[in-house]
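2 protein chains.
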Amino acid sequence: MTHPEAKHGRLPYLEPPPYSPIEWALAQVHGNAVINLASGSPDPRVAPIEEISRTSREILRELEATALMYPSPGGVEPLKRSIRRWCEYLQLGRGRVTVTSGAQHAIKLISELLLRGRKFAHEDPTFVEGMFPLLGAASANIPIPVDSMGMDTVRLESALRSGSRPLLVYSVPTCNNPTGVTMTLERRKHLLELADTYDFTILEDDPYRAVALSPGISLYKLRPDRVIYVGSMSKVISPGLRIGFVYSKDEELEGKLSRLAQTDFSTSTLNQYIVSRLIDSGFVQGRVNMLRTHYRRKLLAMRDSLEGNGLTREASPEDGFFTLVSFSKPSLEVFKASLRRGVVFVPAEKFYYSNTKRASRLARLSAGYPKEEDIEPAVKVIADSARL
Amino acid sequence: MTHPEAKHGRLPYLEPPPYSPIEWALAQVHGNAVINLASGSPDPRVAPIEEISRTSREILRELEATALMYPSPGGVEPLKRSIRRWCEYLQLGRGRVTVTSGAQHAIKLISELLLRGRKFAHEDPTFVEGMFPLLGAASANIPIPVDSMGMDTVRLESALRSGSRPLLVYSVPTCNNPTGVTMTLERRKHLLELADTYDFTILEDDPYRAVALSPGISLYKLRPDRVIYVGSMSKVISPGLRIGFVYSKDEELEGKLSRLAQTDFSTSTLNQYIVSRLIDSGFVQGRVNMLRTHYRRKLLAMRDSLEGNGLTREASPEDGFFTLVSFSKPSLEVFKASLRRGVVFVPAEKFYYSNTKRASRLARLSAGYPKEEDIEPAVKVIADSARL
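Going down the list, the protein sequences come from chains A and B. Each residue of the first sequence is one higher than the one before, counting from -9 in my numbering. Each residue of the second sequence is one higher than the one before, counting from -9 in my numbering.
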């Protein structure tokens, strides 16, 4: 007796999102040695390997099995306190902390609480991996173009005036992924005015603040009552620990996120204590200036290489990892030719929701992961491939 | 202009599950010193603290920043290989591995792929934390009673005959949570026959196999084509690392789970390498016999204490952590009186979907977490409280 929902003897799986363009690009490498301008990972050369190793040992010696038990939903108290301290260091003002297994997990939990069947707006292009949970949950999304000043809030206003009523607006306002652009203060204020007028909440995804020299004032700091802030320790400590957080004024959100976290229970207890100690000791704060100049230098090295090799940037970011570049031919062709010569980046088409014909000639290049001295030769390979 | 879905100026959050009865019970303690028969955690006294510390150091020294980058969705290849080895050690036969951030996360991902709006059956009582993801996703669940032989498959058959058509049947067949019962071989075979006749898949949640002296042959081993197996390293290494896995013959499931894992991206890279090394070195396999006799001894100590203090067990489990006990008055009253005397356990009513009047007099006692020598005095406190 076949199950009524079985399909030709197969289980009737719902379709998960396709692999992200980043995962797609990295999968093409097949383990070959390449210069990697595709990954959004921080620079492995500044990973605090020894400090994590030492701190892990200290925590296990001091807390013993306490650091190895099940995590409490929403985070262990010491880490919640440390993250409040960290957010005050980042000048975000006060808020309530819910600990998550990275920022992506935070966005997934928020979308489960708020977005089932509801509308949301977002930058176009947008960080697709960040967007997957929102897309899976919402019935309709409202893409808003990005220019050199960040999300085009005038276009958002037009959409709102013509009747679109998003419950959330998802944004990476600082060091936007994939454009690299940091939203101007004027735009930030306009966005918050619109939030008041049209009664929506902004989901501020802000992983690059601690590695940017000029991050701009955070939307949360400007209007904590209109913003749910998502932070990450991935760029400033390490993505491999999977520790992120939600920061908000909303006591109800904190309580509901904690209860929802029981449904996956995914945040490593040991890693929570490690991150807590690295904040409390001042270690993380102590490396912020180094990271900010490190990544600024690498991004400027990429800018100079792009200019020197005659490649066109879509904007002129000064912070973060990413630059969006346009070619005179499809970026997929440039990708294939570059890959044959050992260089990988991300064709940008899949970051776009509209205008994808133009987008098919764009590429996201990251200066975050590669060695600084590899950037110039890699850009030269890409420029050569674009001229073939 | 108020958002049409806003409720009195509050965000229209969907309601997450309430705190589980275990979290509820532990929250009553407020940091006071207690003997804890409530937690489902493994015994902290057998946590491999030094081995985790040493292995973490080794991994970071050898792999350096590779162990700290973003995880690949679905698990790093070395851990996938190690878990296949581990499953063969557990005599599960061959399968495909998807790594998850613990078993609970695995169940959540599976429910997202398979259960939106679809029916599933489960033991009644059931492990509510395990069930949360299923409940959130499905429109209807079919509770099946449990007796001393495990899930009552005759009752399941009646439900199926009368037209219930679950797509999945969720079961903890070995050392069931909360009853402690291990399903007999006859019942296992009957369940698998029903799966053939009525075309459903069994979701086998099996965290206790490696710590049970007589776990029974796994449903997956008996019929890999009818079973999705969920495993966990929590009881045999540590829950604090959050490493679990899905084991299945189904290549489509492996691919779709990996893609779905992008939506939360929550599994620590470092912890994956630590667990991989602890399996590859034979360390985990080498402690299985010790753990099996350790937990058997503690469970038998609890049995003897219960008998000696005149408390009634609902079944006679020989493995795992849990025993279900019945009182002649509401377990919540016994809980409160015991808590005042420094002993905590879990009132069992919330594990039940039906017959909750009888369930209100039941309690789940765990022998897993407390010290062996604390079990007898704790049971005496509970017995005294039950007679008050």
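Glycine residues also receive a C-beta, built at the ideal position from the N, C-alpha and C atoms. Quick caveat: nothing in here was measured; it's all calculated off a predicted structure.
So which residues on chain A does residue i lean against when the C-beta distance must stay under 9 Å?
| i | result |
| --- | --- |
| residue 7 of chain B | 249, 250, 252 and 253 |
| residue 389 of chain B | A question about residue 389 of chain B goes unanswered here, because the residues of chain B that appear run from -9 up to 378. |
Tell me whether residue i sits in a helix, a strand or coil according to DSSP, three-state version.
| i | result |
| --- | --- |
| residue 86 of chain B | strand |
| residue 118 of chain B | helix |
| residue 451 of chain B | In the structure as shown, chain B begins at -9 and stops at 378. Residue 451 of chain B is therefore absent and cannot be evaluated. |
| residue 218 of chain B | strand |
| residue 109 of chain A | strand |
| residue -3 of chain A | strand |
| residue 364 of chain A | helix |
| residue 350 of chain A | coil |
| residue 155 of chain A | coil |
| residue 337 of chain A | strand |
| residue 131 of chain B | strand |
| residue 315 of chain B | strand |
| residue 358 of chain A | coil |
| residue 279 of chain A | helix |
| residue 26 of chain B | strand |
| residue 265 of chain A | helix |
| residue 292 of chain B | helix |
| residue 237 of chain A | strand |
| residue 136 of chain A | strand |
| residue 56 of chain B | helix |
| residue 232 of chain B | coil |
| residue 74 of chain A | helix |
| residue 302 of chain B | strand |
| residue 43 of chain B | helix |
What residues from chain B crowd round residue i, counting only those whose CB sits closer than 7 Å?
| i | result |
| --- | --- |
| residue -7 of chain A | 155, 157, 189 and 190 |
For residue i, which residues in chain A fall below 8 Å Cβ to Cβ?
| i | result |
| --- | --- |
| residue 106 of chain B | 4 |
| residue 257 of chain B | 91, 232 and 256 |
| residue 416 of chain B | Within the shown structure, residues of chain B are numbered from -9 to 378, placing residue 416 of chain B beyond reach of any answer. |
| residue 103 of chain B | 3, 4 and 6 |
Am I right that residue i and residue j are in contact with their C-beta atoms under 8 Å? What's the rounded C-beta distance?
| i | j | result |
| --- | --- | --- |
| residue 301 of chain B | residue 369 of chain B | 7 Å |
| residue 315 of chain B | residue 353 of chain B | 5 Å |
| residue 46 of chain A | residue 264 of chain A | 6 Å |
| residue 15 of chain B | residue 28 of chain B | 4 Å |
| residue 125 of chain B | residue 160 of chain B | About 10 Å; that fails the 8 Å criterion. |
| residue 189 of chain A | residue -4 of chain B | 6 Å |
| residue 258 of chain B | residue 261 of chain A | 6 Å |
| residue 253 of chain A | residue 122 of chain B | 5 Å |
| residue 331 of chain A | residue 375 of chain A | 7 Å |
| residue 205 of chain A | residue 309 of chain A | 7 Å |
| residue 397 of chain A | residue 97 of chain A | This structure does not reach residue 397 of chain A, given that chain A is present from -9 up to 378, and the question cannot be answered. |
Going along chain A, which residues have a C-beta under 7 Å from residue i?
| i | result |
| --- | --- |
| residue 95 of chain B | 254, 255 and 256 |
| residue 168 of chain B | Those do not exist, as residue 168 of chain B stays about 16 Å from chain A at its closest Cβ, beyond 7 Å. |
| residue 98 of chain B | 253 and 254 |
| residue 223 of chain B | Within chain A, no residue comes near residue 223 of chain B; the closest Cβ sits about 11 Å away, beyond 7 Å. |
| residue 228 of chain B | 58 |
| residue -4 of chain B | 189 |
| residue 63 of chain B | 13 |
Is there at least one non-hydrogen atom of the ligand SAH closer than 7 Å to the beta-carbon of residue i?
| i | result |
| --- | --- |
| residue 370 of chain B | What this structure holds is no ligand at all, so the ligand SAH is not there to describe. |
Give the interface partners of residue i over in chain B, defined as CB-CB distance under 9 Å, in chain order.
| i | result |
| --- | --- |
| residue 0 of chain A | 240 and 242 |
Between the region 319 to 332 of chain A and the region 270 to 280 of chain A, do three or more beta carbon pairs fall short of 8 Å? Contact fails between the region 319 to 332 of chain A and the region 270 to 280 of chain A, because fewer than three Cβ pairs, one in each stretch, are under 8 Å apart.
Interfacial residues, the region 109 to 126 of chain B to chain A, with Cβ spacing under 7 Å: Going along the region 109 to 126 of chain B in chain order, one finds 119, 122, 123 and 126 with a Cβ nearer than 7 Å to chain A.
Quick check: the region 199 to 216 of chain A against the region 176 to 184 of chain A, are at least 3 beta-carbon pairs closer than 8 Å? At 8 Å Cβ cutoff, the stretches touch.
Check whether the region 101 to 112 of chain A and the region 75 to 83 of chain A are in contact - that is, three or more C-beta pairs closer than 8 Å. Remark: fewer than three beta-carbon pairs, one from each stretch, lie closer than 8 Å, so the region 101 to 112 of chain A and the region 75 to 83 of chain A are not flagged as touching.
Does the region 87 to 96 of chain A come within contact of the region 290 to 299 of chain A, defined as at least 3 CB pairs closer than 8 Å? Counting C-beta pairs with one atom in each stretch, the region 87 to 96 of chain A and the region 290 to 299 of chain A have fewer than three that are closer than 8 Å, which means they do not touch.
Against chain B, which members of the region 258 to 269 of chain A pass a CB distance test of less than 8 Å? Contact residues of the region 258 to 269 of chain A toward chain B are 258, 259, 260 and 261 (C-beta to C-beta distance below 8 Å).
Given 8 Å, three or more beta-carbon pairs between the region 213 to 227 of chain B and the region 130 to 145 of chain B: Output reads no: the region 130 to 145 of chain B does not touch the region 213 to 227 of chain B.
Interfacial residues, the region 345 to 368 of chain B to chain A, with Cβ spacing under 8 Å: Listed by position, the residues of the region 345 to 368 of chain B near chain A (Cβ gap below 8 Å) amount to none.
To be precise: take each residue of the region 10 to 39 of chain B, compare its Cβ to all Cβ atoms of chain A, and keep it if any distance is under 8 Å. Which residues remain? Of all residues in the region 10 to 39 of chain B, 10, 13, 29, 30, 31, 34, 35, 37 and 39 have a Cβ within less than 8 Å of some Cβ in chain A.
Under 7 Å, CB to CB, which of the residues in the region 39 to 55 of chain A have a partner in chain B? Of all residues in the region 39 to 55 of chain A, 39, 42, 43, 46, 47, 50, 54 and 55 have a Cβ within less than 7 Å of some Cβ in chain B.
Is the region 164 to 175 of chain B close to the region 107 to 124 of chain B, with three or more CB pairs under 8 Å? They touch, by the three-pair rule.
When the Cβ atoms of the region 49 to 57 of chain A are set against those of the region 193 to 211 of chain A, are three or more pairs found closer than 8 Å? Verdict: no, contact absent.
Positions along the region 66 to 92 of chain A whose CB lies within less than 9 Å of some CB in chain B: Within the region 66 to 92 of chain A, the residues whose Cβ lies closer than 9 Å to some Cβ of chain B are 90, 91 and 92, listed in chain order.
Pairing CB atoms from the region -2 to 18 of chain B with CB atoms from the region 329 to 338 of chain A, are three or more of them under 8 Å? Flag = no, the region -2 to 18 of chain B and the region 329 to 338 of chain A do not touch.
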